[in-house]
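Structure first, then comments.
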Amino acid sequence: MSAPLLELRRLTKSFGGARALRGVDFDLRAGEVHALLGENGAGKSTLIRIVTGAHRPDGGTITVDGRPAGPLDPRTAQRLGIACIYQQPALFPDLSIAENLALRLETGGPLRRLDWPARHRRATTLLARVGAPLDPRREVRDLSMPEQQLVEIACALGAGARIVIMDEPTAALTQTEQTRLHGVVRELRAQGTGVIYITHRLEEIFALADRVTVLRDGESVGTRPAAGLTEPELIRLMVGREVAQPYPPAEHPPGDAVLRVRGLGRRDAGVRDVSFDLHAGEILGLAGLVGAGRTELARILFGLTPADAGTIELRGRIVRPRSPREAVQLGFAYVPEDRRRHGVILDLPLAHNASLASHRRLFPGGWLRPAAERRLAEDFIRDLGIRCGGPFAPAGSLSGGNQQKVALARWLATGPQVLLLDEPTQGVDIGAKAEIHRLIRGLAGQGLAVLLISSDLPEVIGMSDRIGVMRGGTLTTLLPGGAAPDAVMAAALGRATEAAR
Amino acid sequence: MSPSPTVPRPALRHETVLLAVVVLEWLCFHALGPRFGTLENSFDLLRHSAEIGLLALAMTPVILTGGIDLSVGSLLGLCAVLFGKLWRDAGLDPAAAAGCTLVLGALAGGLNATLIAGLRLPPLIVTLGTYSLFRGLAEAITRGADTFTNFPSAFLFLGQERWLGLPTQAWLFAAVAIAVWLLVHRTTFGRACRAQGFAPEGARYAGLPAGRQLAAVYVLSGTIAALAAVIYTARLGQARADAGTGYELLAITAVVLGGTSIFGGRGSVHGTLLGVAALAILNNGLVHARQPREVAGLLTGALLLLALAAGTGPKLWAARRARATPPPSP
Numbered sequence: 017m018s019a020p021l022l023e024l025r026r027l028t029k030s031f032g033g034a035r036a037l038r039g040v041d042f043d044l045r046a047g048e049v050h051a052l053l054g055e056n057g058a059g060k061s062t063l064i065r066i067v068t069g070a071h072r073p074d075g076g077t078i079t080v081d082g083r084p085a086g087p088l089d090p091r092t093a094q095r096l097g098i099a100c101i102y103q104q105p106a107l108f109p110d111l112s113i114a115e116n117l118a119l120r121l122e123t124g125g126p127l128r129r130l131d132w133p134a135r136h137r138r139a140t141t142l143l144a145r146v147g148a149p150l151d152p153r154r155e156v157r158d159l160s161m162p163e164q165q166l167v168e169i170a171c172a173l174g175a176g177a178r179i180v181i182m183d184e185p186t187a188a189l190t191q192t193e194q195t196r197l198h199g200v201v202r203e204l205r206a207q208g209t210g211v212i213y214i215t216h217r218l219e220e221i222f223a224l225a226d227r228v229t230v231l232r233d234g235e236s237v238g239t240r241p242a243a244g245l246t247e248p249e250l251i252r253l254m255v256g257r258e259v260a261q262p263y264p265p266a267e268h269p270p271g272d273a274v275l276r277v278r279g280l281g282r283r284d285a286g287v288r289d290v291s292f293d294l295h296a297g298e299i300l301g302l303a304g305l306v307g308a309g310r311t312e313l314a315r316i317l318f319g320l321t322p323a324d325a326g327t328i329e330l331r332g333r334i335v336r337p338r339s340p341r342e343a344v345q346l347g348f349a350y351v352p353e354d355r356r357r358h359g360v361i362l363d364l365p366l367a368h369n370a371s372l373a374s375h376r377r378l379f380p381g382g383w384l385r386p387a388a389e390r391r392l393a394e395d396f397i398r399d400l401g402i403r404c405g406g407p408f409a410p411a412g413s414l415s416g417g418n419q420q421k422v423a424l425a426r427w428l429a430t431g432p433q434v435l436l437l438d439e440p441t442q443g444v445d446i447g448a449k450a451e452i453h454r455l456i457r458g459l460a461g462q463g464l465a466v467l468l469i470s471s472d473l474p475e476v477i478g479m480s481d482r483i484g485v486m487r488g489g490t491l492t493t494l495l496p497g498g499a500a501p502d503a504v505m506a507a508a509l510g511r512a513t514e515a516a517r
Numbered sequence: 008m009s010p011s012p013t014v015p016r017p018a019l020r021h022e023t024v025l026l027a028v029v030v031l032e033w034l035c036f037h038a039l040g041p042r043f044g045t046l047e048n049s050f051d052l053l054r055h056s057a058e059i060g061l062l063a064l065a066m067t068p069v070i071l072t073g074g075i076d077l078s079v080g081s082l083l084g085l086c087a088v089l090f091g092k093l094w095r096d097a098g099l100d101p102a103a104a105a106g107c108t109l110v111l112g113a114l115a116g117g118l119n120a121t122l123i124a125g126l127r128l129p130p131l132i133v134t135l136g137t138y139s140l141f142r143g144l145a146e147a148i149t150r151g152a153d154t155f156t157n158f159p160s161a162f163l164f165l166g167q168e169r170w171l172g173l174p175t176q177a178w179l180f181a182a183v184a185i186a187v188w189l190l191v192h193r194t195t196f197g198r199a200c201r202a203q204g205f206a207p208e209g210a211r212y213a214g215l216p217a218g219r220q221l222a223a224v225y226v227l228s229g230t231i232a233a234l235a236a237v238i239y240t241a242r243l244g245q246a247r248a249d250a251g252t253g254y255e256l257l258a259i260t261a262v263v264l265g266g267t268s269i270f271g272g273r274g275s276v277h278g279t280l281l282g283v284a285a286l287a288i289l290n291n292g293l294v295h296a297r298q299p300r301e302v303a304g305l306l307t308g309a310l311l312l313l314a315l316a317a318g319t320g321p322k323l324w325a326a327r328r329a330r331a332t333p334p335p336s337p
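If you're matching them up, the sequences are chains Z and S in order.
The opening residue of the first sequence carries number 17 in the working numbering; numbering runs sequentially from there.
The opening residue of the second sequence carries number 8 in the working numbering; numbering runs sequentially from there.
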């Protein structure tokens with residue numbers, strides 16, 4: 017076999033005192049999809065940043081095409097044909113597709129003549145190569161997230177990239193969009209490109225990868241062919257222990273209905289005629305495609321965008337939350353989808369985040385009580401297993417999974433009756449994910465009524481006592497927990513044909 | 008195990024550095040001007056910094072929420088004129104007139120609050136508008152010429168005499184300083200201001216009464232501007248429509264110099280007090296050192312820019328050093 021496209025030997029890197037990489041070996045061959053796996057903080061991002069030239073390694077060698085490449089800087093990496101597609105595409109929203117491509121690909125002085133027809137021809141060709149028949153004149157802001165990712169990939173191809181790194185490209189995609197992206201990745205492989213593919217979704221690895229390298233605590237715990245690996249084996253490699261029961265079972269049957277929603281809707285949010293009951297101790301999953309109205313429904317219940325139709329009945333009383341503040345006082349809690357913007361305040365310490373929604377209960381009279389606040393934070397750090405540098409570490413210094421636990425802690429401190437969870441494990445590593453699942457089940461076990469919005473199909477099926485499926489702004493189907501993924505998907509798509517796939 | 012991100016702790020807090028600057032200023036001017044260090048001059052310093060100090064104290068929670076109040080200098084002028092009008096033309100005794108002025112100041116702050124918190128208009132634009140509006144009203148009331156003077160000596164006691172050994176207004180200033188410090192650092196109100204300054208949406212999602220909160224800081228700012236107007240009038244013994252011109256910028260300078268982030272969230276009231284002290288000593292000291300007034304403006308600007316650079320410079324430097332780590336051994 018010819019020399020690998022990319023070879024990393026004994027790569028090390030430390031930040032301050034923390035050793036992010038402790039001598040990692042990795043290689044990528046032409047025409048393969050090599051999945052890179054590991055919990056958050058295992059060293060994946062550091063490895064990627066060294067390959068793209070954003071970080072300099074402390075030690076080790078980088079070989080591209082059999083030639084030593086020395087430490088890379090971003091420009092050299094690009095020249096060597098290395099490109100990275102991030103989860104959030106970094107395109108200029110106000111420019112057209114062709115202009116975005118031209119910005120990265122065209123060379124020449126600022127006063128050169130522009131050849132628009134050639135620009136558009138080139139863009140069309142590149143888009144065709146990634147299977148995206150888009151008009152290159154369209155502005156990027158009008159494109160969906162997956163379409164923007166395809167433009168990024170087209171850009172990488174145009175730059176002659178032979179090593180394409182994809183960092184969780186499907187984290188925000190629906191099942192159909194994911195399938196389409198997988199097609200593009202296979203096409204890249206067929207063209208001889210080497211793809212480093214990072215994901216938290218194990219099923220993607222079996223669908224796509226040729227080989228898998230698992231990182232743990234800054235070390236490679238092995239590179240294996242994907243064929244022949246099983247899911248439990250992979251999980252064991254990642255977390256270093258057997259995860260026997262991926263989804264914790266319900267301990268008690270659900271109790272009385274806490275929340276009755278009838279005909280709920282809001283015209284400008286695209287939600288209409290939603291009806292369901294939510295029982296004490298029950299986890300009601302909400303599945304559906306992105307844009308089906310699930311987050312919008314949660315926002316209505318939490319008073320962020322009050323309803324203009326229908327009723328909400330909480331423990332037999334009709335309520336109309338008109339602001340988050342009213343919703344909180346009624347006993348609603350909402351862990352929002354966008355953790356970094358809405359879920360926690362990154363610049364505030366962990367303890368201040370945890371107490372933020374319970375000021376009236378914790379601090380009667382409005383005077384802060386530092387001792388009580390510290391105790392609250394320490395209790396949650398212990399009970400939820402939050403890994404942090406103490407109760408006063410800024411929330412922004414925690415990993416994604418631990419930030420999510422802080423977001424959860426904030427609401428548990430309010431003693432809620434109904435817990436609305438919106439994509440609670442998105443972008444969270446697999447160990448923390450299992451812990452969050454256990455926490456959610458434990459909370460339901462204590463009698464909390466939980467509405468779980470999730471685009472992660474195995475999660476919503478595994479966690480829920482019942483599964484509601486939303487489509488086009490309304491709740492169309494209620495399925496029992498443990499329903500077949502095909503059935504949930506079919507309901508979300510509103511088509512029987514897709515389920516057969 | 009995920010590597011705990013190392014949060015670089017600054018070697019020195021901003022407030023510590025500023026305290027050193029204040030002490031240094033004091034020593035310098037003490038050496039330069041023979042009269043600078045006298046008790047009499049120290050009292051002068053206190054008298055002259057009370058009004059801007061009050062405005063800066065009220066500005067601190069405003070800036071902590073990520074807002075700004077440009078109208079306080081104009082409002083000081085308007086309130087001074089209203090106070091004079093209430094006393095001379097409406098025949099109220101000074102204490103009652105002062106009480107009414109505070110209420111009017113709160114109402115004027117309420118106008119800012121309604122536009123900012125109620126209609127969600129940007130504070131910079133709203134208070135830029137009321138900046139002109141309040142000054143215009145003050146000039147309309149006095150027709151640009153009327154000056155209120157001949158206040159009774161019992162009232163002037165507030166601005167020109169001493170009580171328990173200190174200038175009278177120093178006591179008021181200290182009381183407001185303690186109150187604002189407690190509000191910002193020891194109450195849920197202050198915490199919510201910070202939350203709002205760091206992440207306005209995040210504060211809303213946490214169920215905080217963001218609108219009421221925001222309204223309150225602007226009403227407070229208006230009320231304290233009115234208090235500053237009364238003290239100003241008592242110190243000078245006259246009230247004119249141009250009172251407090253440019254004070255809003257001095258107050259903002261003091262707050263930012265004190266380490267409060269103009270983007271909101273970060274900052275302290277003791278930092279603001281040090282900022283006020285640094286500016287006041289600089290201005291007063293230069294007079295005693297027989298330097299032209301223009302030098303004061305120049306040095307104030309230099310001090311502010313230095314303080315800002317000192318805040319971000321070391322971080323940038325550290326980042327650059329981190330990037331320039333030695334290449335790996337082959």
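Using N, Cα and C, we set each Cβ at its ideal position, and we do this for glycine too.
Next item on the list: Specify, as a first and last residue, the run of the beta strand (DSSP E) that ASP354/Z falls within.
Entry: Counting along the chain, ASP354/Z falls outside any beta strand (DSSP E), and DSSP gives it neither H nor E.
Notebook entry, point to check: In chain order, what residues of the segment 107-125 of chain S put their CB closer than 8 Å to some CB of chain Z?
Noted result: For the segment 107-125 of chain S, no residue has a beta-carbon sitting nearer than 8 Å to a beta-carbon of chain Z.
Note to self: Less than 8 Å between CB atoms is the rule here; does MET505/Z satisfy it with respect to chain S?
What the structure shows: Residue-level contact by beta carbon fails for MET505/Z and chain S, as no gap is shorter than 8 Å.
Next item on the list: Answer yes or no: do ALA409/Z and SER374/Z have a C-beta to C-beta separation smaller than 8 Å?
Entry: In this structure, the beta-carbon distance from ALA409/Z to SER374/Z does not fall below 8 Å.
Check: Just the Cα atoms here: how many angstroms apart are LEU93/S and PHE158/S?
Finding: In a straight line, the C-alpha of LEU93/S is about 12 Å away from that of PHE158/S.
Margin query: By the 7 Å beta-carbon criterion, what residues does the segment 216-239 of chain S contribute toward chain Z?
Written below: For the segment 216-239 of chain S, residues whose beta-carbon sits nearer than 7 Å to a beta-carbon of chain Z comprise PRO216.
Note to self: I'd like the list of long-range same chain contacts for LEU231/Z, defined as Cβ closer than 8 Å, with 5 residues on each side in sequence excluded.
What the structure shows: The residues are VAL40, LEU52, LEU53, GLY54, ALA58, GLY59, LYS60, LEU63, VAL237.
Next item on the list: Could you please give the first and the last residue of the uninterrupted alpha helix (DSSP H) stretch that includes ARG54/S?
Entry: In the DSSP annotation of this structure, the continuous segment of the alpha helix (DSSP H) that includes ARG54/S starts and ends at 46-71.
Check: Exposed or buried, what is GLY274/S when buried is set at 16 or more other beta-carbons lying within 10 Å of its beta-carbon?
Finding: Taking all protein chains shown into account, GLY274/S has 16 or more neighbouring C-beta atoms within 10 Å of its C-beta and is therefore buried.
Next item on the list: Keeping to the same chain, check which residues put their C-beta closer than 6 Å to that of PHE155/S; ignore five residues upstream and five downstream.
Entry: Excluding positions up to five away in sequence, the list reads GLY91, ARG95, ALA246.
Notebook entry, point to check: Any C-beta of chain Z sitting closer than 8 Å to the C-beta of PHE270/S?
Noted result: So no, PHE270/S is outside the interface.
Notebook entry, point to check: Using a C-beta to C-beta distance shorter than 8 Å, which residues of chain Z count as neighbours of PHE36/S?
Noted result: What PHE36/S touches in chain Z: nothing, since even the nearest Cβ is about 38 Å away.
Note to self: Cβ closer than 7 Å: which chain S residues qualify as neighbours of PHE379/Z?
What the structure shows: Those within 7 Å of PHE379/Z in chain S are THR195.
Next item on the list: Starting from the C-beta of ARG35/Z, find all residues in its chain whose C-beta is less than 7 Å away, skip the five residues before and the five after it, and write them out in chain order.
Entry: Here the set comprises GLY234.
Check: If you run the structure through DSSP and keep just helix, strand and coil, what is SER268/S?
Finding: In the three-state reduction of the DSSP assignment, SER268/S falls in the coil class, being assigned neither a helical nor a strand state.
Next item on the list: To the nearest angstrom, report how far apart LEU346/Z and GLY401/Z are at their CA atoms.
Entry: Linking LEU346/Z to GLY401/Z through their CA atoms gives a straight-line distance of about 28 Å.
Next item on the list: Take VAL183/S as the anchor and find which of ILE148/S, ARG198/S, ARG169/S, ILE231/S has the nearest alpha-carbon.
Entry: Closest option to VAL183/S, Cα to Cα, is ILE231/S.
Note to self: Looking at ALA367/Z: is its Cβ nearer than 8 Å to the Cβ of PRO432/Z?
What the structure shows: 8 Å or more divides the Cβ of ALA367/Z from the Cβ of PRO432/Z.
Checklist line | Bridge partners - ALA273/Z, DSSP secondary structure assignment | finding: Paired residue(s): HIS295/Z.
Next item on the list: Measure the C-alpha to C-alpha separation of VAL24/S and GLY282/S and round it to an integer number of angstroms.
Entry: A straight-line Cα-Cα distance of about 11 Å links VAL24/S and GLY282/S.
Next item on the list: With DSSP collapsed to three states, give me the class of ILE259/S.
Entry: Helix.
Item checked: GLY266/S at chain Z interface by Cβ criterion, 8 Å -> By this cut-off, GLY266/S is not an interface position.
Notebook entry, point to check: Does DSSP put ALA499/Z in a helix, in a strand, or in coil?
Noted result: When secondary structure is reduced to three states using DSSP, ALA499/Z falls in the coil class, being assigned neither helix nor strand.
Notebook entry, point to check: Unbroken alpha helix (DSSP H) runs of length 4 or more, entirely within the segment 317-348 of chain Z: which are they?
Noted result: You should have 340-346.
Notebook entry, point to check: In the segment 314-347 of chain Z, which residues sit with their C-beta less than 9 Å from some C-beta in chain S, listed in chain order?
Noted result: The residues in question are PHE318, GLY319, LEU320, SER339, PRO340, ARG341, GLU342, ALA343, VAL344, GLN345.
Margin query: To be precise: take each residue of the segment 374-398 of chain Z, compare its Cβ to all Cβ atoms of chain S, and keep it if any distance is under 7 Å. Which residues remain?
Written below: If the cut-off is 7 Å between Cβ atoms, the segment 374-398 of chain Z has HIS375, PHE379, GLY382, TRP383, LEU384 near chain S.
Margin query: Against chain S, with Cβ distances strictly below 8 Å, would ASP183/Z count as a contact?
Written below: Not closer than 8 Å to any Cβ of chain S, the Cβ of ASP183/Z fails to qualify, so no.
Next item on the list: Using only alpha-carbon positions, find the residue among SER371/Z, ILE316/Z, ARG283/Z that is nearest to SER339/Z.
Entry: Nearest of SER371/Z, ILE316/Z, ARG283/Z to SER339/Z, Cα basis: ILE316/Z.
Note to self: Once DSSP output is grouped into helix, strand and coil, what is the label at ALA175/Z?
What the structure shows: Shown here, ALA175/Z sits in coil according to DSSP, grouped into three states, outside any helix or strand.
Check: ALA115/S: buried (16+ other C-beta within 10 angstroms of its C-beta) or exposed?
Finding: Looking at its Cβ environment, which holds 16 or more other Cβ atoms inside 10 Å, ALA115/S is buried.
Margin query: Which of the three DSSP states is assigned to ILE98/Z in this structure?
Written below: ILE98/Z sits in a strand when the DSSP states are folded into three classes.
Notebook entry, point to check: For PRO440/Z, is the classification buried or exposed, using 16 other Cβ atoms within 10 angstroms of its Cβ as the cut-off for buried?
Noted result: By the 16-neighbour rule on beta-carbons within 10 angstroms, PRO440/Z is buried.
Margin query: For ALA425/Z, tell me which candidate among LEU459/Z, ALA450/Z, ASP445/Z has the shortest Cα-Cα distance.
Written below: Taking each of LEU459/Z, ALA450/Z, ASP445/Z in turn and checking the Cα distance to ALA425/Z, the smallest one comes out for LEU459/Z.
Note to self: I'd like the span of the alpha helix (DSSP H) that includes ALA161/S, first residue to last.
What the structure shows: Looking at the DSSP string, the run of the alpha helix (DSSP H) that includes ALA161/S is 160-167.
Next item on the list: With a cut-off of 8 Å on the beta carbons, I'd call TYR239/S and LEU83/S a contact; round off their distance for me.
Entry: Going by Cβ atoms, the distance from TYR239/S to LEU83/S rounds to 6 Å, so yes, they are a contact pair.
Checklist line | Delimiting residues of the alpha helix (DSSP H) encompassing TYR225/S | finding: Residues 217-243.
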